[in-house]
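What follows is one structure encoded as structure tokens, with my remarks underneath.
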Amino acid sequence: MRVTVFGTGYVGLVTGTCLAEVGNQVVCVDIDAAKVEGLNRGVIPIYEPGLEDMVLANHGAGRIAFTTDATSAIAHGEIIFIAVGTPPDEDGSADLQYVLAVARTIGQNLGKRAVIVNKSTVPVGTADKVRATVAAELAKRGADVPFEVVSNPEFLKEGDAVKDCMRPDRIVVGSSSPSALEAMKRLYAPFNRNHERIVAMDVRSAELTKYAANAMLATKISFMNEMANIAERVGADIEMVRHGIGSDPRIGYSFIYPGAGYGGSCFPKDVQALERTARQHGYHAQILEAVEAVNDRQKHKLFELIARHFRGELRGRTFAVWGLAFKPNTDDMREASSRTLLAQLWEAGAQVRAHDPEASEEAQRIFGERADLVLCDSAASALKGADALVVVTEWKKFLNPDFDQLKAALKHPVVFDGRNIYEPAEVEAAGLAYYGIGRGR
Ligand code: UGA
Numbered sequence: 021m022r023v024t025v026f027g028t029g030y031v032g033l034v035t036g037t038c039l040a041e042v043g044n045q046v047v048c049v050d051i052d053a054a055k056v057e058g059l060n061r062g063v064i065p066i067y068e069p070g071l072e073d074m075v076l077a078n079h080g081a082g083r084i085a086f087t088t089d090a091t092s093a094i095a096h097g098e099i100i101f102i103a104v105g106t107p108p109d110e111d112g113s114a115d116l117q118y119v120l121a122v123a124r125t126i127g128q129n130l131g132k133r134a135v136i137v138n139k140s141t142v143p144v145g146t147a148d149k150v151r152a153t154v155a156a157e158l159a160k161r162g163a164d165v166p167f168e169v170v171s172n173p174e175f176l177k178e179g180d181a182v183k184d185c186m187r188p189d190r191i192v193v194g195s196s197s198p199s200a201l202e203a204m205k206r207l208y209a210p211f212n213r214n215h216e217r218i219v220a221m222d223v224r225s226a227e228l229t230k231y232a233a234n235a236m237l238a239t240k241i242s243f244m245n246e247m248a249n250i251a252e253r254v255g256a257d258i259e260m261v262r263h264g265i266g267s268d269p270r271i272g273y274s275f276i277y278p279g280a281g282y283g284g285s286c287f288p289k290d291v292q293a294l295e296r297t298a299r300q301h302g303y304h305a306q307i308l309e310a311v312e313a314v315n316d317r318q319k320h321k322l323f324e325l326i327a328r329h330f331r332g333e334l335r336g337r338t339f340a341v342w343g344l345a346f347k348p349n350t351d352d353m354r355e356a357s358s359r360t361l362l363a364q365l366w367e368a369g370a371q372v373r374a375h376d377p378e379a380s381e382e383a384q385r386i387f388g389e390r391a392d393l394v395l396c397d398s399a400a401s402a403l404k405g406a407d408a409l410v411v412v413t414e415w416k417k418f419l420n421p422d423f424d425q426l427k428a429a430l431k432h433p434v435v436f437d438g439r440n441i442y443e444p445a446e447v448e449a450a451g452l453a454y455y456g457i458g459r460g461r
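Residue numbering for the sequence shown follows the working numbering, beginning at 21 and increasing consecutively.
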């Protein structure tokens, strides 16, 4: 099929590429000329396992093109995805200006029947706004072009996005038109071969499904962080508790890992936006509010442990920080717990030597040159001259360090494990002090 994708950010680029991979003709549009020019030269703006090869192969085969020319892109697509950003505005609601700007452009240019698909995470009611915006632009130029607006939220995880897109566990399609649903079924047929993955519903339910999924996952994490904080106080080990409850299939093992708080571009933004939506409809969403508050507090947890261990004397100390990205396998540092920690360490007069396998460039961009930050190109070099080690992101390469070497490298043999990746007894056996999340030490 002929597909147009507005937005070559994370969602747009992955979606467009996967749709090209299964044989569609895809045109991706972005207003950022430098990004489009880069993509046409094979420069992929984000780090995502498997994506680069797939973009290059499909671009080489002529199945995916990148352009800034919205007019020709709209003429191309029988299905037009809107996959542009919805950053939080000042009060935490999703800012729809980019989505609606695309809707206006579509209305100004649409010349033949098309299905317009909202892929961006947008508040309930946005599809109606997109429909009204397109219709208003068509009316202005006296054009009578049939179109439908569908909600098809994405459930990609950064770091697993290509896999999630190629093998989705569900494809949520919200539409009010049988013909639009048919078109979406045809588009997704290659991803839907062995069993039915399309969950068809009305538009508003699809819009809410996306928020409900992220809010539920964020709730599981904040709940576990709350349990970890209780465990710590009552002398229990949250890792034992995690195993104990995860074995109940009604609870399950996934997304119950306590840690230094959730980050990224989705959970913080979506929990907040859903809470604002509820408020706008006169409802006080107490669970969502608590999920957010617990997470904000949790992001300060590592610093509290560090300050406690060093009795508040942090000025002039140096901390090795392993992991800056908000989770492994990405270079994304949006809302990352590392940012809260670094800000607090700097505020207390400490120095940071940080290593992240992918996020150094991003860290450089965010923090610029500062005397109290050294970005190191290996985990070992981050330890040089450091008082202590703090693990913030559970990259695989941090999972199994030589604790004897660690002890020898650190001035104060202590490890702060923000993701509970080490066995306390093993670390302590090597003569290091250990602090984890909810582990009683
Ligand atoms: C999340 C959802 O998992 C995706 O399904 C969704 O499509 C996406 O948001 C989105 O809305 O676009 P993502 O933000 O990439 O995906 O990352 P996750 O793997 O969900 O992790 C989010 C944060 O939660 C990370 O900071 C991670 O460290 C933390 N986390 C995760 C925990 O602290 N504990 C856990 O048990 C799991």
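Virtual Cβ for every residue (Gly too), placed ideally from N, Cα, C. The structure presented is a predicted model; accordingly, all values stated were derived computationally and were not measured.
Near the ligand UGA: residue i beta-carbon under 8 Å from a heavy atom
| i | result |
| --- | --- |
| Gly70 | no |
| Glu174 | yes |
| Val31 | yes |
| Thr106 | no |
| Leu322 | no |
| Met244 | yes |
| Gly281 | yes |
| Thr141 | yes |
| Ser357 | yes |
| Ala233 | yes |
| Tyr118 | no |
| Thr28 | no |
| Asp73 | no |
Residue i in three-state terms, based on DSSP
| i | result |
| --- | --- |
| Arg373 | strand |
| Asn138 | strand |
| Tyr208 | helix |
| Ile64 | coil |
| Thr239 | helix |
| Glu168 | strand |
| Ala345 | coil |
| Phe287 | helix |
| Ala155 | helix |
| Cys38 | helix |
| Asp316 | helix |
| Gly32 | helix |
Backbone CA spacing between residue i and residue j [nearest angstrom]
| i | j | result |
| --- | --- | --- |
| Asp351 | Gly388 | 16 Å |
| Ala408 | Ala345 | 20 Å |
| Tyr277 | Leu176 | 19 Å |
| Lys230 | Arg299 | 18 Å |
| Ala220 | Ala406 | 55 Å |
| Glu174 | Lys160 | 32 Å |
| Asn420 | Tyr442 | 8 Å |
| Gly145 | Arg224 | 6 Å |
| Ala337 | Val372 | For clarity, residue 337 is Arg in the given sequence; the question names Ala instead. Going from the Cα of Arg337 to the Cα of Val372 covers about 9 Å. |
| His96 | Ala152 | 22 Å |
| Ala123 | Leu294 | 23 Å |
Below-9 Å beta-carbon distance, residue i vs any chain D residue
| i | result |
| --- | --- |
| Gly131 | Going by chain labels, chain D is absent from the structure shown, which holds only one protein chain. |
Expected contact under 8 Å - CB spacing of residue i and residue j to nearest Å
| i | j | result |
| --- | --- | --- |
| Ala235 | Asp290 | 7 Å |
At least three beta-carbon pairs within less than 8 Å, the region 270 to 279 to the region 208 to 218: no
message = Check whether the region 67 to 77 and the region 108 to 120 are in contact - that is, three or more C-beta pairs closer than 8 Å.
response = no
* To do: Take every Cβ of the region 316 to 336, pair it with every Cβ of the region 171 to 184, and state whether three or more of those distances are shorter than 8 Å.
  => no
So, does the region 304 to 311 touch the region 257 to 266, judging by three or more C-beta pairs under 8 Å? no
- Query: Within the chosen definition, does the region 370 to 381 reach the region 432 to 451 through at least 3 CB pairs nearer than 8 Å?
  - Reply: no
Checklist entry - Is there contact between the region 166 to 175 and the region 131 to 146, where contact requires at least three CB pairs shorter than 8 Å? => result yes
Inter-stretch contact (C-beta, 8 Å, three-pair minimum) for the region 82 to 96 and the region 42 to 55 = yes
query = Hey, is the region 315 to 330 in contact with the region 277 to 287, meaning 3+ C-beta pairs nearer than 8 Å?
reply = yes
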